[in-house]
């Protein structure tokens with residue numbers, strides 16, 4: 003019997019997956035409606051995606067302090083603090099919609115971004131508690147939580163509509179606020195290491211030294227550009243579909259399938275990494291990204307949007323989980339907070355820029371340019387993965403970490 007077969011996944015990993023599902027439910031709501039709310043509230047329509055960009059900017063700004071705060075006080079304390087901030091964000095967003103305040107709504111989405119900055123470490127919390135032989139699977143299991151979110155997130159707008167019939171989406175953000183209370187309840191039952199258990203007396207390398215490792219460099223490139231390409235195209239999709247006269251129910255359908263494609267493969271992505279190697283999974287993610295862009299460029303029918311966004315979701319899954327798995331093999335335990343914070347800061351900085359740039363590209367140049375604009379990033383990922391495959395074939399054996 004192999005080590006992986008003997009290793010048992012801790013129950014807290016499944017609870018972390020539930021927290022991930024709740025976080026992604028609200029994130030998907032943002033993707034589905036935030037740009038539409040922004041379009042309705044903003045005087046300058048090119049700023050329609052600013053509230054969504056504010057979420058990513060706040061996420062970016064939070065990623066480094068969140069990592070070091072949790073190193074000092076523990077992950078659970080950080081997750082509790084983030085839940086309170088997210089609750090406030092949801093309530094402010096609701097109030098702002100009711101009072102037609104664009105900047106208030108932007109503040110609310112930014113506070114939701116703070117929660118997501120902490121919540122991004124749910125996957126690393128799973129690595130902390132999982133046996134070494136199944137760390138890739140632990141990451142995948144946490145990301146599976148997004149499958150639940152794929153069904154709930156796009157429908158929150160419909161579920162919340164009766165709460166405030168006189169306005170669109172305010173009720174959805176009230177439900178979003180309540181979700182953070184549920185997160186706090188789930189956290190109570192999760193067992194995570196105390197801060198002192200995570201300290202290791204080892205020499206810690208500088209960030210520059212970490213980047214001198216090919217594995218670390220390629221991991222950051224794939225996480226960063228994989229997430230940014232997905233965000234730019236996904237953020238522009240509701241605006242593009244509205245421009246091409248698709249109704250909201252069709253847009254919600256496309257986003258729902260996109261998110262399902264983002265997370266459903268997580269049931270087996272860890273096993274694929276174990277079987278074929280992390281670099282081959284990353285390469286598959288790049289190819290799926292190219293298929294997505296090609297499909298989007300071929301037309302603007304419901305089928306084109308649907309298939310293009312499904313390919314995009316699959317691409318993100320392989321690049322994000324594969325990149326995270328490669329990253330965890332590129333640092334020492336004492337470097338954990340630094341390495342994770344560096345990756346997430348760079349990744350979400352680029353994601354924030356992509357989400358803001360999406361509105362500008364779509365408004366001024368259209369859907370074709372949105373898709374052509376991400377080709378350089380996909381090319382960089384392709385070259386990086388092929389370079390690492392040639393330089394370090396042994397890296398393909400990274401699977402159990």
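Numbering (the numbering used here), first residue to last: 3 to 403. All residues carry an ideal CB built from backbone N, CA and C; glycine is no exception. None of these values were measured; they are calculated from a predicted model.
Cut-off 6 Å between Cβ atoms - residues of its own chain near residue 226, not counting five sequence neighbours on either side: 348, 349, 352.
Residue 371 burial status per 10 Å Cβ neighbour count (16 or more: buried): Exposed.
From the DSSP output, in three-state form, read off residue 384 for me. Collapsing the DSSP output to three states places residue 384 in a helix.
Is residue 310 closer than 7 Å to residue 298 when the C-beta atoms are compared? The beta carbons of residue 298 and residue 310 sit closer together than 7 Å.
For residue 85 versus residue 186, is the C-beta distance shorter than 7 Å? Yes.
Do you know how far the Cα of residue 367 is from the Cα of residue 17? Those two C-alpha atoms are separated by around 43 Å.
Please say whether residue 280 and residue 376 have beta carbons closer to each other than 7 Å? Their beta carbons are not under 7 Å apart, which means residue 376 does not touch residue 280 by this criterion.
Per-residue DSSP class, three states only, for residue 405: Here the chain comprises residues numbered 3 to 403, so residue 405 is not present and cannot be evaluated.
Mind the definition here: the stretch 68-88 touches the stretch 138-154 only if three or more C-beta pairs lie below 8 Å; say whether that holds. Counting Cβ pairs under 8 Å, fewer than three are found: no touch.
Kindly list the residues whose CB is nearer than 8 Å to the CB of residue 87, restricted to its own chain and excluding five residues on each side of it in sequence; keep chain order. The answer, listed in chain order, is 113, 116, 117.
Pairwise C-alpha distance: residue 91 and residue 252: Cα to Cα, the separation comes out at about 28 Å.
Considering only residues of the same chain and omitting the five flanking positions on each side of residue 15, which have a CB-CB separation below 8 Å? Excluding residues within five positions, the ones whose Cβ falls inside 8 Å are 128, 131, 132, 140, 143, 144.
Helix or strand or just coil, what does DSSP make of residue 202? Note that residue 202 has pLDDT 48, beneath the 50 cutoff, so the model's placement of it is unreliable and no number is given.
When you compare only the Cα positions, how much space is there between residue 11 and residue 197? Approximately 21 Å between the Cα atoms of the pair.
Below 6 Å CB to CB, which residues in the same chain sit around residue 155 once its five sequence neighbours on both sides are set aside? Apart from the 5 residues on each side of it in sequence, residue 155 sits with its Cβ closer than 6 Å to the Cβ of 27, 30, 31 in its chain, given in chain order.
Neighbour-count burial assignment, residue 101, 16 or more Cβ in a 10 Å radius: When all chains shown are included, residue 101 counts as exposed.
Runs of alpha helix (DSSP H) lying entirely within the stretch 240-285, each at least 4 residues, in chain order: Taking 4 residues as the shortest admissible run, the stretch 240-285 contains the following complete alpha helix (DSSP H) segments, listed from N- to C-terminal end: 250-265, 268-278.
Presumed contact (8 Å Cβ cut-off) between residue 119 and residue 65, rounded CB distance: Contact holds; Cβ gap of about 5 Å.
C-alpha gap between residue 322 and residue 21, whole angstroms: CA-to-CA, the gap between residue 322 and residue 21 works out to about 18 Å.
To the nearest angstrom, how far is the alpha carbon of residue 202 from that of residue 335? Because residue 202 sits at a pLDDT of 48, beneath the cut-off of 50, its placement in the model cannot be relied upon, and the following sentence gives the value as read from the coordinates. Taking the straight line from one Cα to the other gives about 6 Å.
Inter-residue Cα distance where the pair is residue 303 and residue 378: Each residue's alpha carbon lies about 25 Å from the other.
Within 10 angstroms of its Cβ, does residue 214 collect 16 or more other Cβ (buried), or is it exposed? So residue 214 counts as exposed.
What residue ranges within the stretch 53-120 form continuous beta strand (DSSP E) runs of no fewer than 3 residues, ordered along the chain? For the stretch 53-120, there is no continuous beta strand (DSSP E) assignment of 3+ residues that stays within its boundaries.
Around the Cβ of residue 134, are there at least 16 other Cβ atoms within 10 angstroms (buried) or fewer (exposed)? By the neighbour-count definition (other C-beta atoms within 10 Å, threshold 16), residue 134 is an exposed residue.
7 Å Cβ shell around residue 178 - same chain, five flanking residues per side excluded: Cβ neighbours of residue 178 beyond the five flanking positions: 28, 31, 92, 158.
N-terminal and C-terminal residue of the alpha helix (DSSP H) that residue 208 is part of: Residue 208 -> no alpha helix (DSSP H), and no H or E assigned at all.
Rank 94, 265, 242 by C-alpha distance to the C-alpha of residue 41 and give the top, closest one. Nearest C-alpha to residue 41: 242.
Ends of the alpha helix (DSSP H) at residue 14? Its alpha helix (DSSP H) spans residues 13-31.
What number of angstroms, rounded off, separates the C-alpha of residue 361 from the C-alpha of residue 292? Distance between the alpha carbons of residue 361 and residue 292: 22 Å.
Since residue 382 and residue 223 should fall inside the 8 Å C-beta cutoff, what is the C-beta to C-beta distance between them, to a whole number of angstroms? A Cβ-Cβ distance of about 7 Å is found for the pair residue 382 and residue 223, placing them in contact under the 8 Å criterion.
Going by C-alpha distance, which of 47, 82, 19 is nearest residue 151? Of the candidates 47, 82, 19, the one whose C-alpha sits nearest the C-alpha of residue 151 is 19.
Rounding to the nearest angstrom, what Cα-Cα distance links residue 38 and residue 220 in this structure? Taking the straight line joining both Cα atoms gives about 35 Å.
Return the CA-CA distance between residue 403 and residue 327, expressed in angstroms with no decimal places. With a pLDDT of 44 at residue 403, under the threshold of 50, the predicted position of this residue should be treated as unreliable, and no value is reported.
Cβ distance (whole Å) where residue 340 is taken to contact residue 216 below 8 Å: Wrong, their Cβ atoms sit about 18 Å apart, outside the cutoff.
Straight-line Cα distance separating residue 13 from residue 195: Distance between the alpha carbons of residue 195 and residue 13 is about 14 Å.
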